[in-house]
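Novice: Please see the structure below; I have some questions.
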Amino acid sequence: MKVLVINGSPKGEKSITFQTCRYIYRKFPETDMHVIHVLKYSDGTEDMESAVEAVKAADLVIFSYPVYVGMAPAQLVRFIELFKGTGERFEDKYVTQITTSVHLFDITAHRYLEDNLYDMGFRVIRGLSLSTGDLLKNKGQLDVVRYWNYVVHCVNEGIYNRSFSGRENKDIPFGISVKHNDSVLSEKDPMYRILVITDCAKNDEYLRSSIVAFRHSVKYTTTVLNLHELNMESGCTGCYRCIVQGKCHIHDSVDHTLEKQLKTADAILYAFRIKDHFGGYRIKILMDRSFCSGKYDHFGKKPSGFLLLGGLTGEDNLRLFAESKMQEGKSFVTGYATGESGDMASEIDMLASNMSYALYHRLSMTPDFYGISSEKLRRDMLIYVQTTMLYHPVTTVTGMKKAQEELLSPYEKLLKERNIEEEMEFPDISIPDISMPDINLNDLSIPEIHIPEIDINKIRSAVNRMNPLSGKKN
Ligand SMILES: Cc1cc2nc3c(=O)[nH]c(=O)nc-3n(C[C@H](O)[C@H](O)[C@H](O)COP(=O)(O)O)c2cc1C
């Protein structure tokens, strides 16, 4: 069987997720496996046509990627946009996905990709969501083997899933103009500032005038951050350097914007045209780049509303994503304006009125299942990152490369095992990066381990920045 792996990790071949594909390749030598890396397509190095040809030549496609902020990484989101943009259909192609994560909203990531694959006609086979490190354990290896046998069975027997999501409505016009009231923007109440985050294109009069209508309708001052105009070099590279240094190694305007515009805002309006079941890759860059540096918290604890064009009905996963992220950040959801009632102006007025009320009364979200489970899984993520940083303190580019190599070394060892083609008798390989003993989460002091050339205070403050429980008493 001809298999194409589309590797969506910003770490390319150094991706931990990608090691699972390599494992399948070693374990099932009859598999004819080829690989393409989305980085080369999302940055424009490779022509999209070659990706289309590669998919056409395969019987089965595997999307392999890490979960970033409950979704695919921004680079893969961009790849999907460009890939769908070719207009090609893949009715006879089977497709599946493999991810690694701490399972913090892996479901929304899987469904985002599936919804897009259904749009292109793919025959979707259920994917595999592994925890980081699973592949190094007997149980994880067994899961991979069983999963792969199931995938092969599906392809051989012609079995695939059916979509239960609505189809994307791309017919929402750009030219509509929404009327606004005659309030004066400069006279709005300065007690609070609402940040409108959008990626409104120049020709999108409908979105632009909807934002203007909201700004006139709401009681407080507003500022607009148009991601189209923001200097963003690239998505998160997954290096974790920002955890120690508190800032990203990419020199563009993202860090500054997160600090100066987002942190100081009292509320947020997300104003987007729904694109490929999401809001476009630019907002994903902003989210990914804030996640590990601690700046992700700047999105939280702020009443938030959504102005979304493109038909939210049928976009179950996008709604789940939005609600769960709000729960994660304990932000009160002030509502959605989508124009689907046929009266966008009234929807916007209601959204604005709710936002004004929530701000004035300082409403916040009482955590439900999503909020509480997010908090616990983010804590898991913290442990993973904390231990990774203890063993691989990344403060320089060389250090970053070395850390990635060290993280991969147990996988290399596994993939070199001579008995890989034999039955399931693999020794568990202990890996330092996720088996940190006895961490007391209430007391985040770092165990006494001698690590040369690192500033332990930097790590400690980074850990505190990442820690959703910091500041709380037990
Ligand atoms: C920017 C960023 C965002 C992340 N977001 C999530 C998340 O939302 N949920 C989760 O479970 N893990 C999250 N993780 C953890 C990664 O999924 C995990 O480290 C993964 O194993 C990395 O895989 P890779 O080596 O294949 O790139 C995130 C990591 C990074 C760097």
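So the sequence shown is numbered by this note's numbering: it starts at 17 and just counts up by one. Backbone N, C-alpha and C fix where the C-beta goes; we use that ideal spot for every residue, glycine too. Note that the structure is predicted; figures quoted are calculated from it, not measured.
Given this structure, state the Cα-to-Cα distance separating residue 392 from residue 161, to the nearest angstrom.
Specialist: Near 29 Å, if we compare the C-alpha coordinates of residue 161 and residue 392.
Novice: Within 10 angstroms of its Cβ, does residue 300 collect 16 or more other Cβ (buried), or is it exposed?
Specialist: Result: buried.
Novice: Is the beta carbon of residue 120 within less than 7 Å of some heavy atom of ligand 1?
Specialist: Indeed, a heavy atom of ligand 1 lies less than 7 Å from the Cβ.
Novice: Can you give the Cα-Cα distance for residue 40 and residue 193, rounded to whole angstroms?
Specialist: Between residue 40 and residue 193, the C-alpha separation is close to 53 Å.
Novice: Would you say the beta carbon of residue 32 is closer than 7 Å to some non-hydrogen atom of ligand 1?
Specialist: The answer is yes for residue 32.
Novice: Taking only beta-carbon atoms, is residue 393 less than 8 Å away from chain C?
Specialist: The chain labelled as chain C is not found in the depicted structure, where only one protein chain is given.
Novice: On the DSSP letters alone, give me the boundaries of the alpha helix (DSSP H) that residue 23 sits inside.
Specialist: First-last for residue 23: 18–23, but that is the beta strand (DSSP E), not the alpha helix (DSSP H).
Novice: Given that a residue counts as buried once 16 or more other Cβ atoms are within 10 Å of its Cβ, and exposed if not, what is residue 368?
Specialist: Residue 368 is buried by the Cβ-count criterion.
Novice: Using the DSSP secondary-structure output, state which residues sit across from residue 206 in a beta bridge.
Specialist: DSSP output for residue 206 lists no bridge partner at all.
Novice: I'd like to confirm something about residue 304: is its beta-carbon nearer than 7 Å to some heavy atom of ligand 1, or not?
Specialist: Checking the Cβ of residue 304 against ligand 1 gives yes.
Novice: Taking just the CA atoms, how far does residue 418 sit from residue 435?
Specialist: In this prediction, residue 435 has a pLDDT of 47, which is less than 50 and means its spatial position is unreliable; what the coordinates show is noted afterwards. So the alpha carbons of these two residues sit roughly 28 Å apart.
Novice: Could you tell me whether the stretch 332–344 touches the stretch 363–377, using the rule of 3 or more Cβ pairs below 8 Å?
Specialist: Contact between the stretch 332–344 and the stretch 363–377 is absent, because fewer than three Cβ pairs lie under 8 Å.
Novice: Buried or exposed: where does residue 444 fall if 16 or more other Cβ atoms within 10 Å of its Cβ makes it buried?
Specialist: Since pLDDT at residue 444 reaches only 44, below the 50 mark, its modelled position is unreliable, and the value read off the structure follows with that caveat. When all chains shown are included, residue 444 counts as exposed.
Novice: For residue 164, collect the residues of the same chain with a Cβ closer than 6 Å to its Cβ; drop the 5 residues on either side in sequence, then sort them by chain order.
Specialist: Cβ neighbours of residue 164 beyond the five flanking positions: 40.
Novice: Report the rounded CA-to-CA distance for residue 439 versus residue 18, giving the unit in angstroms.
Specialist: The predicted model places residue 439 with a pLDDT of 40, which falls under 50 and marks its position as unreliable, so this point remains unresolved.
Novice: Relative to the C-alpha of residue 204, which candidate in 226, 236, 218 has its C-alpha closest?
Specialist: Closest option to residue 204, Cα to Cα, is 236.
Novice: Which residues does DSSP pair with residue 77 in a beta bridge?
Specialist: Answer is 20, 111, bridged to residue 77.
Novice: Ligand 1 and residue 308: does the residue's C-beta get closer than 7 Å to at least one heavy atom of that ligand?
Specialist: Checking the Cβ of residue 308 against ligand 1 gives yes.
Novice: Entirely within the stretch 86–174 and at least 3 residues each: give me those beta strand (DSSP E) ranges in chain order.
Specialist: 110–117, 144–147, all fully within the stretch 86–174.
Novice: Closest by CA to residue 242, which one among 223, 225, 213?
Specialist: With distances taken between Cα atoms, residue 242 lies closest to 213.
Novice: At what residues does the alpha helix (DSSP H) containing residue 232 begin and finish?
Specialist: Run containing residue 232: 221–233, per the alpha helix (DSSP H) assignment.
Novice: Would you say residue 82 touches ligand 1, meaning its beta carbon is less than 7 Å from a heavy atom?
Specialist: Result yes, Cβ under 7 Å from ligand 1.
Novice: Suppose you measure from the CA of residue 230 to the CA of residue 365; what does that come to, to the nearest Å?
Specialist: Going from the Cα of residue 230 to the Cα of residue 365 covers about 7 Å.
Novice: Give the straight-line distance between the Cα atoms of residue 351 and residue 322, rounded to the nearest whole angstrom.
Specialist: Spanning the two alpha carbons is a distance of roughly 6 Å.
Novice: Using a Cβ distance threshold of 8 Å, determine whether the stretch 145–162 contacts the stretch 170–184, with at least three qualifying pairs required.
Specialist: These segments do not touch.
Novice: Where does residue 352 fall in DSSP's three states?
Specialist: Residue 352: strand per DSSP, three-state reduction.
Novice: For residue 170, which residues in the same chain have their Cβ closer than 6 Å to its Cβ, ignoring the five residues on either side in sequence?
Specialist: Closer than 6 Å at Cβ, skipping near neighbours: 141.
Novice: Roughly how many angstroms separate the alpha carbons of residue 240 and residue 117, rounded to a whole number?
Specialist: Near 33 Å, if we compare the C-alpha coordinates of residue 117 and residue 240.
Novice: Given a threshold of 16 other Cβ atoms within 10 Å of its Cβ, counted over all protein chains shown, does residue 53 qualify as buried or as exposed?
Specialist: With 16 or more Cβ atoms within 10 Å of its Cβ, residue 53 is classed as buried.
Novice: Alpha carbon to alpha carbon, how far is residue 317 from residue 286? Give it in angstroms, no decimals.
Specialist: Cα to Cα, the separation comes out at about 15 Å.
Novice: Roughly how far, in whole angstroms, is the beta-carbon of residue 114 from the beta-carbon of residue 143, given that I think they are within contact range, below 8 Å?
Specialist: That belief holds up - the Cβ atoms of residue 114 and residue 143 are roughly 6 Å apart, short of 8 Å.
Novice: Ordered along the chain, which non-local residues of its own chain (more than five positions away) have a Cβ less than 8 Å from that of residue 221?
Specialist: Cβ neighbours of residue 221 beyond the five flanking positions: 190, 191, 192, 193.
Novice: Are the CB atoms of residue 401 and residue 308 within a distance shorter than 8 Å?
Specialist: Result yes, Cβ atoms of residue 308 and residue 401 sit closer than 8 Å.
Novice: Beta carbon of residue 264: closer than 7 Å to some heavy atom of ligand 1?
Specialist: Result no, Cβ not under 7 Å from ligand 1.
Novice: Could you pull out every residue in the same chain whose Cβ sits closer than 8 Å to the Cβ of residue 228, ignoring the five residues on either side in sequence?
Specialist: Only 194, 196 meet the Cβ criterion.
Novice: For residue 83 and residue 24, I'd like the C-alpha separation in whole angstroms.
Specialist: The straight-line gap from Cα to Cα measures roughly 10 Å.
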